Each structure stands twice: as structure tokens, then as C-alpha cells.
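**Student:** Going left to right, the sequence shown walks through residues -21 to -1, 1 to 241 as mature numbering (1 follows the signal peptide of the UniProt record, and there is no 0) numbers them. Note that the Cβ used here is the ideal one computed from N, Cα and C, for glycine as well. Everything numeric in this text was worked out from a predicted model, so none of it was measured.
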Amino acid sequence: MRRHLCLLWGLLLACAGGASAQAETLRIATGELPPYASSARKDQGMSLHIVRQAFAKAGVQVEYVFLPWTRALIETRDGKWDATAAWGRNAERDKGFLVSDNVLTEQWQILYRSDRNFTWSNLQDLAGLRVGVVADYSYTPAFWRMVKDGTLRADVAPDDVSNLNKLLAGRVDVVPLDRNVACDLLGAKFTGEQARRVRAHPKLFVPDFTTHLMMSEKLPASAKRMEAFNRGLKALRQSGEYSKILQQQPCAADLAQALQGG
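1) Going by other Cβ atoms of all chains shown within 10 Å of its Cβ, with 16 needed for buried, is A(-1) buried or exposed?
2) Name, in chain order, the residues that DSSP records as bridge partners for Q86.
3) Are the CB atoms of H180 and Q86 within a distance shorter than 9 Å?
4) Would K168 pass as a contact of V185 if the rule is Cβ separation under 9 Å?
5) According to DSSP, M193 sits in a beta bridge with which residue or residues?
6) Taking the continuous beta strand (DSSP E) assigned at V41, which residues delimit it?
7) Are three or more beta carbon pairs between the segment 35 to 46 and the segment 210 to 217 nearer than 8 Å?
8) What is the rounded straight-line gap between the Cα of M205 and the Cα of V151?
9) Report all residues from its chain with a CB closer than 6 Å to the CB of L108; omit the five preceding and five following residues, and keep chain order.
10) If we cut at 9 Å on Cβ distances, does A214 have a partner in chain B?
11) With DSSP as the reference, label F122 as helix, strand or coil.
12) Decide if the segment 51 to 65 is in contact with the segment 183 to 202; the criterion is three or more beta carbon pairs, one per stretch, under 8 Å apart.
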């Protein structure tokens, strides 16, 4: 009887140890980019919610630390944080990181004022225009090459709100921005009259702007953690939960029409 009790106690301890391992909490550095990443939202943003739920499928908990984006990147590459989310691909910036499967595909368009005529088919059509940009954003390698060689005139701002203010004031001609981000900012930070003065060209600025979780190559656990995340992300998609998360971003009808190029 005593032997059986000892065996039972051993099994209980083993189970408790397994539960403890499964309850690992990863600290993930991120920044503010509503509606994808936001300390003000209950779900902390669509992208961060996807990351959280994907890790949950793998039995891992996460805790987000909101920092300036550049700091989040540098400190994660150095191994201070377990991961950082969510980033577009950039060959130079990706160095030193393991990069996950696609977390979410953003819909980048070019915004302009409704009192202006604007059309474009390729980046060369933007030559001569003042393009509002944020320095840390990915955009595309071709875009940054054309900025570097002087073909495109980039007007750098610290954030998207500043760029939208410049656009409304006529200080820049166009602003590349994700549709959901534009919708969120125009609805929350600007008056209805201001929002109605902004339009989006229907052609996508970036055809396939995927975003990703990144982990430092310096951390020995990163490879296994990334494998677990990718498995969880796949399971989240297959369960139907992923699609439901993407449907949780409301946009007022007038804004939706304008940002669809209407």
C-alpha cells in the first residue's frame, strides 16, 4: 500500500512539473500600432491577440512589454526579451533573428487628400511628390532604395498621426499606410470633417505585406519556441479562431468607403 502511495505521489509530482513547464511565460517586446498592437485595447491589438492565442495552442503564456519600436527591436536582438512582434520583413533588420510564419497580412495603400487628383501604377509615379514616411517602417526594399538615391522625396515623421496631420495641412502629398491603421487613427484622432478629406487609392502599395514574430538567435531556447509558435499559429488558423479575430476590426461606413478608394 505504501509503495502504491509513493508511486501515486511520484506521478502527481511529475504532472505538476509538466504543468509548470507548460505554464512558461514569454516576455514579448512590442510597440503601439492600433489596431494591431495597442496597450489601450482589451485584447492588446489584433496581431498581439493572434500571437497570444497561437502560443496558447502550444501551452505557452505571453506577457507584452510596450516600448518604442526601435528599442523593442534592439533589445530583443540582444536577448533581453524573448521575442518581439509584429514586424514586416526587412532583410537588413531581420539579421540576428529567427522569423516566424506570417502572423497577419496588412493592407497597405497610399492616402491622399480628397481635393487632389491622384493615381499611380508604380513607384516611379511617386517621383516629385512629397511622401510622408516613418523612419522605422518596412515599406519595401525598392521604396527605400529610391529614397536613398533621391528618386523619391521622403518627408520623415515620428509617427502616423504626424504624417496624417501633414497630409491634411498640405505639407506632404501622399502617405503610405495600412488600411486598418488609417481607419483607426482617422476615427480616433481626427474630426469627421478631417477624416472625410482623406482618400486611399485602391491599388495596394505593398501587394503582400506579411508581419511576423521575431526571436533573437542569441537565445538558445528560440528555435524550439519558434517551432512551437508556428505549430500553434497553424492550429489557430485551422480552428477558425484566426478568421474571427480578423473580423473584429470595425470601420465606420464612410471611412470604409474612402479607404477602399471610394
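**Tutor:** Considering the structure as presented:
1) With a pLDDT of 45 at A(-1), under the threshold of 50, the modelled position of that residue is not reliable, and the figure given next carries that caveat. When all chains shown are included, A(-1) counts as exposed.
2) For Q86, which the question treats as bridged, DSSP gives no partner whatsoever.
3) no
4) no
5) T63, V78
6) 40 to 45
7) yes
8) 40 Å
9) D152, V153
10) The structure shown contains no chain B, having only a single protein chain.
11) helix
12) yes
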